[in-house]
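*Asks:* Starting off with a structure, shown below.
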Amino acid sequence: MDRLVFGHAEAHAQAPDVAAGRLRQLVLYTDTYVIRGALRTMARRLTDALNTAEEGFFVLEDVTFETHGAGATTERAGYAQVNLATVLFAHEPGDSIETLPELRTVKVTERALVSQPPFRIVGNIHVLPERSLRDALQELVGRFVPVTDATYWSDALAIPRTSVPMLAFNHERSQILAPYTIG
């Protein structure tokens with residue numbers, strides 16, 4: 502079961518280094534909820550923010566969350582603590598992502614299917630050159646793994662295919678990661 506803790510923004514005190522960070526809008530999917538909110542972070546990339554969370558949770562500001570399914574009610578909170586172990590995947594809303602050339606490592610893309618029931622994700626996994634996806638799977642580490650040109654959906658929850666420039670999936674919650682070809 503997903504763990505959320507709610508409260509009012511004025512009651513939340515943040516550490517000085519986090520309070521000085523950039524406010525990023527996030528969309529997080531769990532088994533039960535779609536959570537939207539703002540994260541104050543010093544991280545320059547979404548995957549860095551997800552992978553460096555020391556406490557295993559985020560405290561988001563200006564949060565809305567709703568359960569999956571027809572007739573779902575949207576709840577609001579000034580802030581909420583979200584347990585990252587329950588997050589299946591996350592992305593930033595919008596049609597583009599900021600590229601950071603100084604953080605770029607030369608990699609090649611492999612089209613992949615990620616199974617995170619009740620969701621499926623298809624997109625590009627980035628691997629080191631001269632390695633097949635099969636070999637790269639042995640070296641794939643990190644709590645959250647980025648997928649670019651991603652599409653996600655859930656037939657079981659009647660969530661239609663949604664395309665985003667980049668999302669980060671929870672590696673520990675993935676059941677299958679495999680090459681993907683159309684047809």
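My numbering applies: residue 502 is where the sequence shown begins, and numbers increase by one.
Where is the CB? At the ideal position from N, CA and C, for every residue including glycine.
Source: prediction; values computed, not measured.
(1) If we count the other Cβ atoms within 10 Å of its Cβ and call it buried at 16 or more, is I626 buried or exposed?
(2) Within its chain, find whatever has a CB closer than 6 Å to the CB of F590; leave out the 5 residues flanking it on each side and keep chain order.
(3) Please work out which residues of its chain come closer than 6 Å, Cβ to Cβ, to G557, disregarding the five sequence neighbours upstream and downstream, and give them in chain order.
(4) In three-state terms, what does DSSP make of R548?
(5) Should V665 go down as buried or exposed, given a rule of 16 or more other Cβ atoms within 10 Å for buried?
(6) Would you check whether the ligand NAP has a heavy atom nearer than 6 Å to the C-beta of A573?
(7) Can you tell me whether DSSP reads L604 as helix, strand or coil?
(8) Between which two residues does the beta strand (DSSP E) carrying L585 extend?
(9) For D532, which three-state DSSP category applies?
(10) Which residues does DSSP list as the beta-bridge partners of G538?
*Replies:* Taking the definition as stated:
(1) I626 is buried by the Cβ-count criterion.
(2) Within the same chain, Y530, L668 and F670 come within 6 Å of F590 by CB-CB distance, once the 5 residues on both sides are set aside.
(3) Once the five neighbours on either side are set aside, the close Cβ partners of G557 are L585.
(4) Strictly speaking, residue 548 in this sequence is Thr, with Arg absent from that position. Three-state DSSP puts T548 in a helix.
(5) The residue in question, V665, is buried, as its Cβ has 16 or more Cβ neighbours within 10 Å.
(6) As for the ligand NAP, it is missing from this structure, which has no ligand bound.
(7) Only weak support exists for where L604 lies, its pLDDT of 49 falling under 50; the value from the coordinates is given anyway. Reduced to three states, the DSSP call for L604 is helix.
(8) That residue, L585, is in no beta strand (DSSP E); it is neither H nor E in DSSP.
(9) Note: D532 maps to coil in three-state DSSP.
(10) Partner residues in the beta bridge of G538, as assigned by DSSP, are L527.
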